[in-house]
Amino acid sequence: MTPLSRIASPPEVRARLAASLLLAAACLFWAGNFVVGRAAAGGIPPAGLALWRWVVAGLVLAPFTARTLWAERAGLAQAARILLALGLLGVCGFTTLTYVALNKTEAINAALANSLIPLAILAAASVLDRERPRRAKMSGLALSLAGVAVVVARGDPAALAGLAVNAGDLLLLVAVVAWALYTVLLRRVPGELGARLGPLGLLAATIVFGLPPLWLCRLGELAFGGGPMPSDAASLGVVA
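For the sequence shown, the positions run 1 to 240 when the UniProt record's numbering is used.
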């Protein structure tokens, strides 16, 4: 018989259910982001799309985080180096690279590349933090990669030998590395500052530090022939 102490109480069940739903929602949002990026290909400049989507995200968060960010401005200044690195990698690098890649490859390829993020995070943690992955993590990762291989090969292992990789796919791999570094470097945010900011505050701070380099990317895009942002209703809907 199962000991009573091991039976999850209703609050624990609700917490686990909420966590599962949030994880499922995160996967849905990731997939939606790739579909949006692919739909915008050729019509909306990728750096412009990345910039204005993060601007919208920052404006949505502002009512909930602006007061906290102002109160913690001294701590944010002290942690400026790590926050700038997070902004460069997560806000500027990953998003812009993904949208550029989606101009050259399909959304399904982006989703498949995204499945490599756990492997990239383990590799980044091993290099930056000297963290040795546990056997359970490696087993789960191997299972995940096997699933990716089955999808890519469509059930035919021989198809992997003839797999073609284009420039967009390579950019997606660079984006995966950027996100893995972002994830590992989140640990470098001072613990007390992170606790005072909370998850939303830390995200808002990362956006604040990531927008200036993203603006530079957009200016570079314009300088090298990137068009203006369209203002029709469909394009505005994609940005939002």
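Quick reminder that beta carbons are idealized off the backbone N, C-alpha and C, glycines included.
Looking at residue 182 and residue 90, is the spacing between their C-beta atoms short of 7 Å? As a working note, residue 90 is residue 90 in the sequence shown. As a working note, residue 182 is residue 182 in the sequence shown. Yes.
Mapping the DSSP letters down to three states, classify residue 224 as helix, strand or coil. As a position in the sequence shown, residue 224 is number 224, starting the count at 1. Of the three classes helix, strand and coil, the one that applies to residue 224 here is coil, per DSSP.
Going by C-alpha distance, which of 116, 220, 75 is nearest residue 170? As a first step, residue 170 must be located in the sequence shown, where it is residue number 170. Among 116, 220, 75, the Cα nearest to that of residue 170 is on 116.
Measuring CA to CA, which of 67, 51, 68, 66 is closest to residue 215? Position 215 of the sequence shown, counted from the start, is the residue given in the question as residue 215. Residue 215 has its Cα closest to that of 51, out of 67, 51, 68, 66.
With respect to the alpha helix (DSSP H) encompassing residue 11, which residues constitute its N-terminal and C-terminal limits? As a working mapping, residue 11 is identified with position 11 in the sequence shown. Note, residue 11: alpha helix (DSSP H), 10 to 39.
Beta-carbon gap between residue 243 and residue 172 smaller than 7 Å: Missing from the structure shown is residue 243; the chain here goes from 1 to 240 and no further.
Mind checking residue 166: buried by the 16 CB within 10 Å criterion, or exposed? Here residue 166 is taken as the residue at index 166 of the sequence shown, counted from 1. So residue 166 ends up on the exposed side.
State the start and end residues of the unbroken alpha helix (DSSP H) segment that holds residue 94. Taking the first residue of the sequence shown as 1, we reach residue 94 at position 94. First-last for residue 94: undefined, no H or E at that position.
Label residue 217 either buried or exposed according to how many other C-beta atoms from any shown protein chain fall within 10 Å of its C-beta, with 16 as the threshold for buried. On the sequence shown, residue 217 is found 217 positions in, with the first residue counted as 1. So residue 217 ends up on the buried side.
Say whether the segment 127 to 142 touches the segment 194 to 203, bearing in mind that this needs 3 or more beta-carbon pairs closer than 8 Å, one atom from each stretch. no
If we ignore side chains and look at the alpha-carbon of each, how far apart do residue 98 and residue 112 end up? As a working note, residue 98 is residue 98 in the sequence shown. As a working note, residue 112 is residue 112 in the sequence shown. Going by the C-alpha atoms only, they are around 13 Å apart.
Residue 196 - DSSP class collapsed to helix/strand/coil: Reading the sequence shown from its first residue, position 196 is the one you call residue 196. Helix at residue 196.
Assuming residue 184 and residue 121 make a contact with CB atoms under 8 Å, what is their CB distance in whole Å? Position 184 of the sequence shown, counted from the start, is the residue given in the question as residue 184. Position 121 of the sequence shown, counted from the start, is the residue given in the question as residue 121. Going by Cβ atoms, the distance from residue 184 to residue 121 rounds to 6 Å, so yes, they are a contact pair.
Once the 5 residues before and after residue 84 are set aside, which same chain residues still bring their CB inside 6 Å of it? Your numbering for residue 84 matches position 84 in the sequence shown. Answer for residue 84: 209, listed in chain order.
Taking residue 47 as the reference, which of 81, 75, 103, 20 has the closest Cα? Reading the sequence shown from its first residue, position 47 is the one you call residue 47. Residue 47 has its Cα closest to that of 103, out of 81, 75, 103, 20.
In terms of alpha-carbon separation, which member of 205, 15, 219, 110 lies closest to residue 59? Taking the sequence shown and counting its residues from 1, one reaches residue 59 at position 59. For the residues 205, 15, 219, 110, the minimum Cα distance to residue 59 belongs to 205.
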